[in-house]
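Everything below concerns the one structure shown next.
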Amino acid sequence: SEKMKRRQSSKTQKQPLQVHYKNQTDLSSWQKGGRIDPEKSVQNNQSPNNQKNDSKQDSLEQALSYFEKVQDHVSLKKNNVNNVLQKHLTTVESIALQRGLPPEGFDVLLNVALSGKLADTVNTRLLKSLIPASVIPETSVVSSVSWFCVGKCSGNIQLLFLRWLITMFDFIDHKEQLHALYGFFFSFLQDEKMCPYVCHLLYLLTRKESVKPFRIRRLLDLQVKMGMQSHLQALLSLYKLFCPELVTITLPGKMKTFFKNSDGPWKAAINAVRRRKHENFPVSQPLFLGTAQPRSRKRKWNTQLVIPASSTNKNNLKDDKEKNHVDLYSTNESFPVEQLQTFSQLLQNICHLEFPSQMGSVLTNPLLLHYMNCIKDESIYLRLYYWMGQTLQEECTWCVADNNQYEEEFKDFLETVYKTECFLQEGFSSCEEFLYKSLPLWDGFCCRSQILRLVSWIPLSSFSEMKSHLYDPLAQLFFTSSLYFKCSVLESLKQLLQNWLNWHVINLDSESDSQFHSLNTTLSGLVNVVAELIHFVGWISTVALRLENNSTFLLYFILDFYETVCDVYLRYSLPLLIMPPAGVFYPALLSMDSVSLNQLCYIMYRYRTNLVAAKENELSKKKILQFKFSSQTYQEYNQYIIAMVGCLWTSSAFQKDVHPQGLQMNDELLKKTTVQEFKTSFNIVYHPAMMGYAILFLQQAWPDDTAFNFSLIK
Amino acid sequence: DPQRTAFLLRKQWTLYSVTPMYRFSGAHLRDYARLLSAFIAAEKQKGLAVEVGVELDIKVAVSNLPDLKGSDQDQAAILVQLSSRSSAFQKISEEKLIWSGWFCCVSGDDFSQNLPEDFTCLPLFLANGAECYTSIVGSWFQKTFDCCFRRLAISPLHLSWMAAMWTGCKVDKSASAVELVFSVPRLPQPLDISYAIHPEDAKALWATVQKTPGEITQEEVDVFMDCLYSHFHRHFKIHLSATKLVKVSTAVASAHCEGIIKFLQSQYLTGVLMLLTELAISQIQ
Numbered sequence: 001s002e003k004m005k006r007r008q009s010s011k012t013q014k015q016p017l018q019v020h021y022k023n024q025t026d027l028s029s030w031q032k033g034g035r036i037d038p039e040k041s042v043q044n045n046q047s048p049n050n051q052k053n054d055s056k057q058d059s060l061e062q063a064l065s066y067f068e069k070v071q072d073h074v075s076l077k078k079n080n081v082n083n084v085l086q087k088h089l090t091t092v093e094s095i096a097l098q099r100g101l102p103p104e105g106f107d108v109l110l111n112v113a114l115s116g117k118l119a120d121t122v123n124t125r126l127l128k129s130l131i132p133a134s135v136i137p138e139t140s141v142v143s144s145v146s147w148f149c150v151g152k153c154s155g156n157i158q159l160l161f162l163r164w165l166i167t168m169f170d171f172i173d174h175k176e177q178l179h180a181l182y183g184f185f186f187s188f189l190q191d192e193k194m195c196p197y198v199c200h201l202l203y204l205l206t207r208k209e210s211v212k213p214f215r216i217r218r219l220l221d222l223q224v225k226m227g228m229q230s231h232l233q234a235l236l237s238l239y240k241l242f243c244p245e246l247v248t249i250t251l252p253g254k255m256k257t258f259f260k261n262s263d264g265p266w267k268a269a270i271n272a273v274r275r276r277k278h279e280n281f282p283v284s285q286p287l288f289l290g291t292a293q294p295r296s297r298k299r300k301w302n303t304q305l306v307i308p309a310s311s312t313n314k315n316n317l318k319d320d321k322e323k324n325h326v327d328l329y330s331t332n333e334s335f336p337v338e339q340l341q342t343f344s345q346l347l348q349n350i351c352h353l354e355f356p357s358q359m360g361s362v363l364t365n366p367l368l369l370h371y372m373n374c375i376k377d378e379s380i381y382l383r384l385y386y387w388m389g390q391t392l393q394e395e396c397t398w399c400v401a402d403n404n405q406y407e408e409e410f411k412d413f414l415e416t417v418y419k420t421e422c423f424l425q426e427g428f429s430s431c432e433e434f435l436y437k438s439l440p441l442w443d444g445f446c447c448r449s450q451i452l453r454l455v456s457w458i459p460l461s462s463f464s465e466m467k468s469h470l471y472d473p474l475a476q477l478f479f480t481s482s483l484y485f486k487c488s489v490l491e492s493l494k495q496l497l498q499n500w501l502n503w504h505v506i507n508l509d510s511e512s513d514s515q516f517h518s519l520n521t522t523l524s525g526l527v528n529v530v531a532e533l534i535h536f537v538g539w540i541s542t543v544a545l546r547l548e549n550n551s552t553f554l555l556y557f558i559l560d561f562y563e564t565v566c567d568v569y570l571r572y573s574l575p576l577l578i579m580p581p582a583g584v585f586y587p588a589l590l591s592m593d594s595v596s597l598n599q600l601c602y603i604m605y606r607y608r609t610n611l612v613a614a615k616e617n618e619l620s621k622k623k624i625l626q627f628k629f630s631s632q633t634y635q636e637y638n639q640y641i642i643a644m645v646g647c648l649w650t651s652s653a654f655q656k657d658v659h660p661q662g663l664q665m666n667d668e669l670l671k672k673t674t675v676q677e678f679k680t681s682f683n684i685v686y687h688p689a690m691m692g693y694a695i696l697f698l699q700q701a702w703p704d705d706t707a708f709n710f711s712l713i714k
Numbered sequence: 001d002p003q004r005t006a007f008l009l010r011k012q013w014t015l016y017s018v019t020p021m022y023r024f025s026g027a028h029l030r031d032y033a034r035l036l037s038a039f040i041a042a043e044k045q046k047g048l049a050v051e052v053g054v055e056l057d058i059k060v061a062v063s064n065l066p067d068l069k070g071s072d073q074d075q076a077a078i079l080v081q082l083s084s085r086s087s088a089f090q091k092i093s094e095e096k097l098i099w100s101g102w103f104c105c106v107s108g109d110d111f112s113q114n115l116p117e118d119f120t121c122l123p124l125f126l127a128n129g130a131e132c133y134t135s136i137v138g139s140w141f142q143k144t145f146d147c148c149f150r151r152l153a154i155s156p157l158h159l160s161w162m163a164a165m166w167t168g169c170k171v172d173k174s175a176s177a178v179e180l181v182f183s184v185p186r187l188p189q190p191l192d193i194s195y196a197i198h199p200e201d202a203k204a205l206w207a208t209v210q211k212t213p214g215e216i217t218q219e220e221v222d223v224f225m226d227c228l229y230s231h232f233h234r235h236f237k238i239h240l241s242a243t244k245l246v247k248v249s250t251a252v253a254s255a256h257c258e259g260i261i262k263f264l265q266s267q268y269l270t271g272v273l274m275l276l277t278e279l280a281i282s283q284i285q
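Quick mapping for you: the protein sequence lines, in order, are chains B and Z.
Each residue of the first sequence is one higher than the one before, counting from 1 in full-length UniProt numbering.
Each residue of the second sequence is one higher than the one before, counting from 1 in full-length UniProt numbering.
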């Protein structure tokens, strides 16, 4: 049929993309030696899985087309023809149980099952395998109801159909036509066997419009005839809920369950399909614009991690006086937050926009975040502060017992908070307080990357209790953790430093005296806080390098941090210059790989540029950036640079260095190394980090010489 | 006026801390009742909380409790009551109270005075009744006033404070025994130890420990508890200090570590509320 042809073409369209991907990662052609036609190898590697899916799809289509055309009275048992029926029936059943049937299949199968063409056993099996993969189209249900009414199938099949309809009610995509069929369903109440199921179905379908006096009378008559039936009473109480004035009888209170659970043969299959679907396709992320349905946490009513934005219901709360005063010209109508979808809408309605009733919903709404930036209202920040603080503390998986099972959700929540902070380019104080409270209890493992990223957004503040709140717990974890954790912490602290420095630069530029971001600080207070961070990182880096045996990976992150530190003066206009500690400098200088040495040279170069610029600014008596670095700083720098130059250029590494942790060694010790000409042999040419480049140079200069004579390089 | 608050006594209240409420007004209580009852009806239709088929017409009443204040700066307490009006089998409709909850703030000045005008500080919430109604009412408040509810647990440290404080209180009628319940961790069968002390003995003990009347220090509480523990140890050879104190019952009130309180004396009602308000505020900050 046409539908099937279209489906097939869409299938083939997918393949080219997969071919490209496979080409990149297909190494089998290399292993086999020589060149192999890539398409062939791809097909060989790729076919099994895709072919299986394709063949399944084909066989389902064949089965559906068979059922569409099947003639009357084909029974399951007898002759050869029935093997075909059996085969198609099993196909439908297996596909239904595995991943559910596609929407197109319901029309055919429902019609076949309810038209009485085939035997009851077949119809039962068909109905039992009507599991939807996604939705059930309403049209198929409507046509099946018409078959149901005609009654060509047996009573049992009709009952099974009703149970199926009740179970799958929520999967039907639209229900307007079904509501129109209310009367048809109602008429089936007279059948005693069907009555309970029809009641249940009507219960699902009833709306206020469906409650009519004649229907109420009918139900009461039935009750007289059949006695107090719980399903009839359920329907009557629902009618009474909608139209209490029409249902004047009294119903006994406190009834227990009224409808038998008729999930029956489908429940297990539905659960299995759903589980399998979630294995293959990751659960979709909630839309970033918070109008999506939130995943409700049934466990606790008071904490919700994702809140949909809904506008405040102000109209009901106005004073009576205001209501009487009708202002024809007022534009008091505020733009409802739920309708805010695009940026242009935000711009057009920015004067009429009000924040949602729960501030927590702005986290996933970039438009509302933009709006938040414009509004200087303390109450919105306070509301968000309380909500975020309480939610973080309540849901923290290591601070509250029983929370471990919800780690994934908490991780997502922390991720959302971090993304919001990146969007607003500033940290939340409630998040900062949460970190101070939870870091001492943290194991360094749970939600690690999220927590470390949140650390990088801790706002810059002058009262430095950072040591006890942040540095101590972090140091404890740092020293006892793996290499990768150490590197993650260093990266996060580098980011923290950059965020602080960026904030400082922005503050310098902006004229506004925003009361929410003012620190009441002087420049020296700021400098002290930043210096404390840099000294802390210097200290833990020194220890870490010893613990990890000067690992190159670790050294990279440490030097990366100092790349930011060396330029603080010129790039961020903060009068601060701190040299790396000797425990970082010397391992970098004597490291075994060229990357670290290169980084170190760059850093020393930038330090020099900063120092020279500071000297110039001081001498030129410019008002801006006038700051005098202490002579101790210059001395420190000079010491390092002398050691470096001695090490790399003048071969006097071990003589000139006077640093207490430096390289000085006297001649007797050097003689013991049995290195000939030790006075000229320790320079950049012989540096282990540069070995590779030296060899390369010799190879290029004297390609025939296999003995590497480094003394040729001057 | 003890008569007006008598209905709060001898009921089991579950404790919550509530963050400040935004744009709450004591003048609109009737509107709030109306909105809340519409919300409850809507939730019922969804079939979420109450079994559908049970015929219940829920009436909501929101009122003030002006007596429950510590200082003049405190916000007046707010009481929410849910009653069911069932007209089954009876001509006159009978109203039965099915749930009550109240917000209060007793001596919370330090916290409330720093809040901007739009915020109402009622950090303590007490609920009595089915959990489903607590969740509906709480959700409505959270959605309407952008506040956060959290269960308020009472740590063993605070429970021992309560034990010491309430033991020393003068009670008119013959007081009931001071009872402490301990739970023993990490046993295959959970074990609860109940330790009852004659009220006069307990009061006498506390009188010897407390130095300044009207003031209590942490050391005094520790000494008091240590005396009780050592007495128990002498008789039963069990170190109660290694167990967890989960419940304290005195003539004044009884408190459970999961955040459940029962008031037994109206004259000390405000005193106990002051302590609970302090606990609630520490959970919010």
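From the three backbone atoms N, C-alpha and C, an ideal C-beta is built for every residue, glycine too.
Close-in-space but distant-in-sequence residues of the same chain around residue 700 of chain B (CB under 7 Å, 5 per side omitted): Nothing meets the Cβ criterion.
To the nearest angstrom, report how far apart residue 390 of chain B and residue 16 of chain Z are at their CA atoms. The straight-line gap from Cα to Cα measures roughly 12 Å.
Tell me whether residue 221 of chain B is buried or exposed, calling it buried when 16 or more other Cβ atoms sit within 10 Å of its Cβ. Burial call: exposed.
For residue 150 of chain Z, return the contacting residues in chain B, with the cut-off set at a CB-CB distance below 9 Å. The contacting residues are 302, 303, 390, 393, 394.
Buried or exposed: residue 53 of chain Z, going by 16 or more other Cβ atoms within 10 Å of its Cβ? Annotation note: pLDDT 46 at residue 53 of chain Z (below 50); position unreliable, coordinate value reported separately. Around the Cβ of residue 53 of chain Z, a 10 Å sphere holds 16 or more other Cβ atoms; the residue is buried.
In three-state DSSP terms, what is residue 57 of chain B? Residue 57 of chain B falls in the helix class under three-state DSSP.
Could you check whether the Cβ of residue 207 of chain B sits closer than 8 Å to any Cβ belonging to chain Z? Among the CB atoms of chain Z, none fall inside 8 Å of the CB of residue 207 of chain B.
Using Cβ-Cβ distances below 7 Å, what residues of the stretch 343-365 of chain B are close to chain Z? Along the stretch 343-365 of chain B, the positions whose C-beta sits under 7 Å from a C-beta of chain Z are 357, 358, 359, read in chain order.
Within chain B, the residues that residue 190 of chain Z reaches when beta carbons sit closer than 7 Å: Here the premise fails: no neighbours, minimum Cβ distance about 16 Å.
Can you pull out the residues from the stretch 228-262 of chain Z whose beta carbon lies closer than 9 Å to at least one beta carbon of chain B? Closer than 9 Å at the C-beta level to chain B, one finds no residue of the stretch 228-262 of chain Z.
Can you tell me which residues form a DSSP beta bridge with residue 335 of chain Z? Any answer about residue 335 of chain Z is impossible in this case: the structure gives chain Z only from 1 up to 285.
Within chain Z, partners of residue 383 of chain B - CB distance below 8 Å: Listed along chain Z, the residues sitting closer than 8 Å to residue 383 of chain B by beta-carbon distance are 22, 146.
Could you check where the beta strand (DSSP E) with residue 244 of chain Z kicks off and where it finishes? Per DSSP, residue 244 of chain Z belongs to the beta strand (DSSP E) from 244-249.
Three-way DSSP call (helix, strand, coil) for residue 110 of chain Z in this model: Three-state DSSP puts residue 110 of chain Z in a helix.
Helix, strand or coil at residue 196 of chain Z [DSSP, three-state]: Annotated three-state conformation of residue 196 of chain Z is strand, per DSSP.
Which chain B residues are close to residue 116 of chain Z, counting only those with a beta carbon under 8 Å from its beta carbon? Per Cβ cutoff of 8 Å: 378, 379, 382.
Step through the CB atoms of chain Z and report whether any lies within less than 8 Å of the CB of residue 418 of chain B. Judged by the 8 Å Cβ criterion, residue 418 of chain B is not in contact with chain Z.
Spatial neighbours of residue 421 of chain B within its chain, please: C-beta separation below 8 Å, excluding the five flanking residues on both sides. So the list reads 427, 428, 431, 454, 457, once near-sequence residues are dropped.
Starting from residue 166 of chain Z, trace the alpha helix (DSSP H) in both directions and tell me its first and last residue. Here the alpha helix (DSSP H) through residue 166 of chain Z covers 156-167.
Presumed contact (8 Å Cβ cut-off) between residue 575 of chain B and residue 612 of chain B, rounded CB distance: A Cβ-Cβ distance of about 15 Å is found for the pair residue 575 of chain B and residue 612 of chain B, leaving them out of contact under the 8 Å criterion.
Straight-line gap, residue 635 of chain B to residue 442 of chain B (C-alpha atoms, nearest Å): Straight-line measurement puts the Cα of residue 442 of chain B at about 41 Å from the Cα of residue 635 of chain B.
How about the stretch 30-41 of chain Z and the stretch 133-146 of chain Z: do they share at least three Cβ pairs that are nearer than 8 Å? A contact is defined here as three or more CB-CB pairs under 8 Å, and the stretch 30-41 of chain Z meets this definition with respect to the stretch 133-146 of chain Z.
Helix, strand or coil for residue 536 of chain B? Go by DSSP, reduced to three states. Three-state result, residue 536 of chain B: helix.
Spatial neighbours of residue 487 of chain B in its chain, beta-carbon cut-off 7 Å, leaving aside the 5 residues before and after: Around residue 487 of chain B: 553, 554, 557.
Nearest to residue 57 of chain Z (by Cα), restricted to the options B:650, B:150, B:176, B:237: For residue 57 of chain Z, the nearest C-alpha among the options comes from B:237.
Measuring alpha carbon to alpha carbon, tell me which of B:150, B:168, B:169, B:385 ends up nearest residue 187 of chain B. Residue nearest to residue 187 of chain B within the set B:150, B:168, B:169, B:385 is B:150 (criterion: CA-CA distance).
Count Cβ pairs between the stretch 2-22 of chain Z and the stretch 115-128 of chain Z that sit closer than 8 Å; are there 3 or more? Contact between the stretch 2-22 of chain Z and the stretch 115-128 of chain Z is present: three or more C-beta pairs spanning the two stretches fall below 8 Å.
Amino acids of chain Z, ordered along the chain, whose beta-carbon sits closer than 8 Å to that of residue 387 of chain B: One finds 19, 146, 148 in chain Z with Cβ atoms closer than 8 Å to the Cβ of residue 387 of chain B, taken in chain order.
For residue 675 of chain B, which residues from the same chain have a beta carbon less than 6 Å from its beta carbon, with the 5 sequence-adjacent residues on both sides left out? Excluding sequence neighbours, residue 675 of chain B sits near 681.
Below 8 Å on the Cβ atoms is my guess for residue 245 of chain Z versus residue 156 of chain Z; work out the distance and round it to an integer in Å. 4 Å between Cβ atoms; contact.
Going by C-alpha distance, which of B:689, B:684, B:243, B:616 is nearest residue 651 of chain B? Among B:689, B:684, B:243, B:616, the Cα nearest to that of residue 651 of chain B is on B:684.
Under three-state DSSP, which class holds residue 345 of chain B? Three-state DSSP puts residue 345 of chain B in a helix.
Please classify residue 157 of chain B: is it buried, with 16 or more other beta-carbons within 10 angstroms of its beta-carbon, or exposed? Buried, because 16 or more other Cβ atoms sit within 10 Å of the Cβ of residue 157 of chain B.
With a threshold of 16 other CB atoms inside 10 Å of the CB of residue 508 of chain B, please say whether the residue is buried or exposed. Exposed, because fewer than 16 other Cβ atoms sit within 10 Å of the Cβ of residue 508 of chain B.
Decide yes or no for the touch test of the stretch 250-269 of chain Z against the stretch 169-182 of chain Z: beta carbon pairs closer than 8 Å, at least 3 of them. Contact between the stretch 250-269 of chain Z and the stretch 169-182 of chain Z is present: three or more C-beta pairs spanning the two stretches fall below 8 Å.
Please check if any C-beta of chain B sits within less than 8 Å of the C-beta of residue 143 of chain Z. Residue 143 of chain Z belongs to the set of residues whose beta carbon lies under 8 Å from a beta carbon in chain B.
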